[in-house]
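There are 2 protein chains.
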Amino acid sequence: MTEQITIIGVGLIGGSFALALKQAGADVRFVGYGRHEDNLIRAVERGIVDTYSTDLADAVGGSDLVLVAAPVGANAVLFEQLASVVSPNCVITDAGSVKQSVIKAARQYLGSLENFVPAHPIAGTEHSGVEAGFASLYQGKRLILTPIPETSKEAQAKVVSLWQMTGALVETMTPERHDKVFAATSHLPHLLAFTLVETLFRMEQKEELLRYASGGFSDFTRIASSDPVMWKDICLHNRDSILDAISSLEYGLSALTAAIEQGDDVAIEHMFRVAKQTRDEKILSKVNVE
Amino acid sequence: MTEQITIIGVGLIGGSFALALKQAGADVRFVGYGRHEDNLIRAVERGIVDTYSTDLADAVGGSDLVLVAAPVGANAVLFEQLASVVSPNCVITDAGSVKQSVIKAARQYLGSLENFVPAHPIAGTEHSGVEAGFASLYQGKRLILTPIPETSKEAQAKVVSLWQMTGALVETMTPERHDKVFAATSHLPHLLAFTLVETLFRMEQKEELLRYASGGFSDFTRIASSDPVMWKDICLHNRDSILDAISSLEYGLSALTAAIEQGDDVAIEHMFRVAKQTRDEKILSKVNVE
Chain A
4 MTEQITIIGV
14 GLIGGSFALA
24 LKQAGADVRF
34 VGYGRHEDNL
44 IRAVERGIVD
54 TYSTDLADAV
64 GGSDLVLVAA
74 PVGANAVLFE
84 QLASVVSPNC
94 VITDAGSVKQ
104 SVIKAARQYL
114 GSLENFVPAH
124 PIAGTEHSGV
134 EAGFASLYQG
144 KRLILTPIPE
154 TSKEAQAKVV
164 SLWQMTGALV
174 ETMTPERHDK
184 VFAATSHLPH
194 LLAFTLVETL
204 FRMEQKEELL
214 RYASGGFSDF
224 TRIASSDPVM
234 WKDICLHNRD
244 SILDAISSLE
254 YGLSALTAAI
264 EQGDDVAIEH
274 MFRVAKQTRD
284 EKILSKVNVE
Chain B
4 MTEQITIIGV
14 GLIGGSFALA
24 LKQAGADVRF
34 VGYGRHEDNL
44 IRAVERGIVD
54 TYSTDLADAV
64 GGSDLVLVAA
74 PVGANAVLFE
84 QLASVVSPNC
94 VITDAGSVKQ
104 SVIKAARQYL
114 GSLENFVPAH
124 PIAGTEHSGV
134 EAGFASLYQG
144 KRLILTPIPE
154 TSKEAQAKVV
164 SLWQMTGALV
174 ETMTPERHDK
184 VFAATSHLPH
194 LLAFTLVETL
204 FRMEQKEELL
214 RYASGGFSDF
224 TRIASSDPVM
234 WKDICLHNRD
244 SILDAISSLE
254 YGLSALTAAI
264 EQGDDVAIEH
274 MFRVAKQTRD
284 EKILSKVNVE
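If you read the sequences in order, they're chains A and B.
In this text, residue positions in the first sequence follow the working numbering: the first is 4, and each later residue adds one.
In this text, residue positions in the second sequence follow the working numbering: the first is 4, and each later residue adds one.
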């Protein structure tokens with residue numbers, strides 16, 4: 004029997020989810036929901052969803068599953084609205100980059116959490132919006148489930164099987180650990196990239212400066228082209244872990260500054276060697292292997 | 004008539020220079036010089052140089068031009084040794100990422116600066132060493148000349164024409180401006196990448212953390228795999244401009260931290276928007292155009 008899935012937010016993450024399932028041959032009818040009708044029309048044109056509605060009750064009516072793929076700041080309002088319109092058996096899952104705050108919002112607004120499955124696909128590009136989605140985004144990438152005790156096995160199994168169809172590798176983690184790990188490995192690099200570009204913007208003769216900010220600089224700051232609203236929300240919703248991560252980086256930057264000021268060649272070289280060795284052995288090899 | 008060029012340091016920069024000129028059909032005999040004979044043997048095997056010597060007088064004897072492509076920390080000693088062994092008409096040029104300190108060392112040790120041409124190719128990869136060089140490295144990349152009043156027109160013209168043969172686009176800049184511009188657009192991103200990876204290395208449960216540091220993190224930290232000795236030297240030799248750049252970034256990071264602490268969504272989003280817009284409009288387009 005054809006299932007119906009509602010995609011809330013037909014951008015990079017939600018759009019790629021639908022496209023991947025379609026490409027995998029899933030027998031699913033996709034309904035799009037969002038704030039901007041032109042995006043929804045474009046999502047139909049691109050074959051991301053089969054139909055759409057700008058009315059939430061209409062968009063989720065008859066759906067077996069709802070994927071919330073909006074910036075995490077929108078979750079509380081969406082959950083509150085969803086609670087009164089979804090059918091009792093409808094599974095609700097999300098794709099938010101922060102998990103504790105999403106779970107907190109779900110507890111507060113969704114009522115029963117039996118059908119709520121918090122998840123986070125570790126995939127993305129610096130592009131966003133309805134044009135950005137593509138079917139192979141999740142191929143070979145991780146999908147992190149952060150289960151909560153209330154979730155039913157059936158709901159979780161349904162979400163796992165859909166993500167596996169997209170090509171993702173499903174893993175589980177506690178919400179607390181998730182938020183710490185991705186504060187360090189994802190959120191911190193994004194904030195640094197934003198801050199670095201904004202720093203150049205503040206400098207004198209910035210037009211000339213930016214002429215030379217190509218090549219390595221352009222690669223390094225690719226993620227500074229990410230969606231400002233999404234990342235503002237992540238900052239506010241993973242506040243404590245992000246502040247810890249920034250503070251830890253600032254400690255390293257202060258140590259480096261002191262070493263440069265003191266001309267401490269041994270300390271500088273040691274720090275760079277630790278970094279190079281860590282990346283060459285632990286990070287590069289990971290990517291090659293997986 | 005066949006010219007003779009001595010390459011001091013047959014790694015990524017020096018090796019690619021020789022390979023590019025050979026590919027362009029330059030009538031040049033290349034002589035390699037370095038501290039490690041096995042690298043020099045390998046450079047001959049790879050066709051980078053035609054011959055080599057571990058004796059500097061021997062390596063530069065009869066050469067029309069010497070390219071100093073060693074970490075900038077080695078320049079002072081090399082210039083001092085070169086001064087007593089090069090022929091009076093031999094052009095000396097360098098490829099250092101810092102220019103004021105190289106010029107200072109040249110003034111102090113080279114004696115006459117008539118044949119000294121300070122230069123910096125804006126090209127590289129995170130790889131280093133004799134295996135890393137390749138003929139197309141400089142194709143379409145900038146070569147920044149930072150002329151000094153003493154340099155003869157003939158010496159400068161010779162260096163310019165060689166770099167043009169490698170495919171590089173030659174520009175000029177004052178040494179002071181060069182050091183400021185590249186502190187911000189190259190040195191700072193490298194130091195941030197090193198610091199970010201070293202920060203993860205310091206964190207608890209780092210093995211698990213590093214498992215998730217793939218994808219975007221891996222791209223972002225590619226330059227943390229760069230040569231620690233080269234970058235230690237850059238830190239010490241472009242000290243003031245680098246400290247200014249770090250300080251400017253720390254200002255941005257403090258502002259972001261404060262905004263996160265205060266839950267100031269407007270300030271956070273504004274900062275990210277400035278960064279995204281700057282990168283999308285000024286940086287990405289640069290790379291696409293050139």
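Don't be surprised by glycine CBs; every beta carbon is placed ideally from N, CA and C.
- So, is the C-beta of P192 of chain A closer than 9 Å to a C-beta in chain B? yes
- Query: Where do the N-terminal and C-terminal ends of the beta strand (DSSP E) with D30 of chain A fall, by residue?
  - Reply: Careful: D30 of chain A lies outside any beta strand (DSSP E) and carries neither H nor E.
- Item | Residues from the region 249 to 262 of chain B in contact with chain A, defined by Cβ distance under 7 Å | Hits within the stretch, in order: I249, S251, L252, E253, G255, L256, L259, T260.
- Query: Could one say the Cβ of V75 of chain B lies closer than 9 Å to chain A's Cβ atoms, at least one of them?
  - Reply: no
- Identify each residue in the region 23 to 39 of chain A for which the Cβ-Cβ distance to at least one residue of chain B is less than 9 Å, and report them in chain order. none
- Does the region 119 to 135 of chain B touch the region 223 to 230 of chain B, meaning 3 or more C-beta pairs lie closer than 8 Å? yes
- Task: Within the same chain, show all residues whose beta-carbon is closer than 8 Å to that of T149 of chain B, passing over the 5 residues directly before and after it, in chain order.
- Result: K102, I106, P121, A122, H123, T175, M176, T177, P178, H181
- Query: Which term fits K156 of chain B, buried or exposed, when burial requires 16 or more other beta carbons within 10 angstroms of its beta carbon?
  - Reply: exposed
- Between the Cα of I11 of chain A and the Cα atoms of A:A77, A:K183, A:Q159, which residue gives the shortest distance? A:A77
- Task: Give the single residue among A:A21, A:T5, A:A196 whose Cα lies nearest to the Cα of A138 of chain A.
- Result: A:A21
- Query: For H190 of chain A, which option in A:L146, A:P152, A:M233, A:E284 has the closest C-alpha, if you only look at C-alpha atoms?
  - Reply: Here the closest residue by C-alpha is A:M233.
- How should H39 of chain B be labelled, buried or exposed, when 16 other C-beta atoms within 10 angstroms of its C-beta is the threshold for buried? H39 of chain B sits exposed, since fewer than 16 C-beta atoms from the chains shown fall within 10 Å of its C-beta.
- Message: For a contact defined as C-beta to C-beta under 7 Å, what are the partners of P231 of chain A on chain B?
- Response: E272, F275, R276, K279
- Where does V52 of chain B fall in DSSP's three states? coil
- Task: List in chain order: all unbroken beta strand (DSSP E) runs of 3+ residues lying wholly within the region 105 to 188 of chain A.
- Result: 122 to 125, 145 to 148, 172 to 175
- Proximity to G2 of chain A [Cα-Cα], best of A:Q7, A:Q280, A:D41: In the structure as shown, chain A begins at 4 and stops at 293. Residue 2 of chain A is therefore absent and cannot be evaluated.
- Query: Which residues share a DSSP beta bridge with I44 of chain A?
  - Reply: Bridge partners of I44 of chain A: none, in fact.
- Query: How many whole angstroms separate the CB atoms of V277 of chain A and F204 of chain B, which I take to be in contact at a CB cut-off of 8 Å?
  - Reply: 6 Å
- Item | H181 of chain B: CB within 8 Å of a non-hydrogen atom of the ligand ADP | The ligand ADP is not among the ligands present in this structure, which contains no ligands whatsoever.
- In chain order, what residues of the region 108 to 136 of chain A put their CB closer than 8 Å to some CB of chain B? I125, A126, G127
- Item | Residue from A:N118, A:R145, A:M4 whose Cα sits closest to the Cα of A158 of chain A | Of the candidates A:N118, A:R145, A:M4, the one whose C-alpha sits nearest the C-alpha of A158 of chain A is A:N118.
- Task: Verify whether the separation of the beta carbon atoms of V94 of chain B and V63 of chain B is less than 9 Å.
- Result: Contact flag unset, no.
- Anything in chain A within Cβ reach of Y141 of chain B, meaning under 7 Å, just list it in chain order. None at all; the shortest Cβ gap to chain A is about 12 Å.
- Query: From B:S100, B:V269, B:G136, pick the residue whose C-alpha is nearest to that of T188 of chain B; which is it?
  - Reply: When the alpha-carbon of T188 of chain B is set against those of B:S100, B:V269, B:G136, the nearest one is in B:S100.
- Would you tell me roughly how many angstroms separate the C-alpha atoms of K235 of chain B and G136 of chain B, rounded to the nearest one? 21 Å
- Message: For Q7 of chain A, list the residues DSSP reports as bridge partners.
- Response: A:R32
- Message: So, under 8 Å CB-CB, Y36 of chain A and T9 of chain A are touching, yes? Tell me the CB distance rounded to an integer number of Å.
- Response: 6 Å
- Cβ shell of Q3 of chain B (< 7 Å), same chain only, five flanking positions each side left out: With chain B covering 4 to 293 only, the question about residue 3 of chain B has no answer from this structure.
- Message: For R282 of chain B and L199 of chain A, what's the separation of their Cα atoms in angstroms?
- Response: 10 Å
- Message: On the DSSP letters alone, give me the boundaries of the beta strand (DSSP E) that D268 of chain A sits inside.
- Response: First-last for D268 of chain A: 268 to 281, but that is the alpha helix (DSSP H), not the beta strand (DSSP E).
- Given a threshold of 16 other Cβ atoms within 10 Å of its Cβ, counted over all protein chains shown, does T96 of chain B qualify as buried or as exposed? buried
- Message: Quick check on T96 of chain A: does DSSP put it in helix, strand or coil?
- Response: strand
- Coarse secondary structure for V13 of chain B, derived from DSSP in three states: coil
- Query: What's the C-alpha gap between G170 of chain A and G28 of chain A?
  - Reply: If you draw a straight line from the Cα of G170 of chain A to the Cα of G28 of chain A, it comes to about 12 Å.
- Message: Nearest by alpha-carbon distance to Q142 of chain A: which of A:F275, A:G17, A:A23, A:G18 is it?
- Response: A:A23
- Message: Any beta carbon of chain A sitting closer than 9 Å to that of A234 of chain B?
- Response: Residue identity differs from the one stated: residue 234 of chain B is Trp in this sequence, not Ala. So, interface residue.
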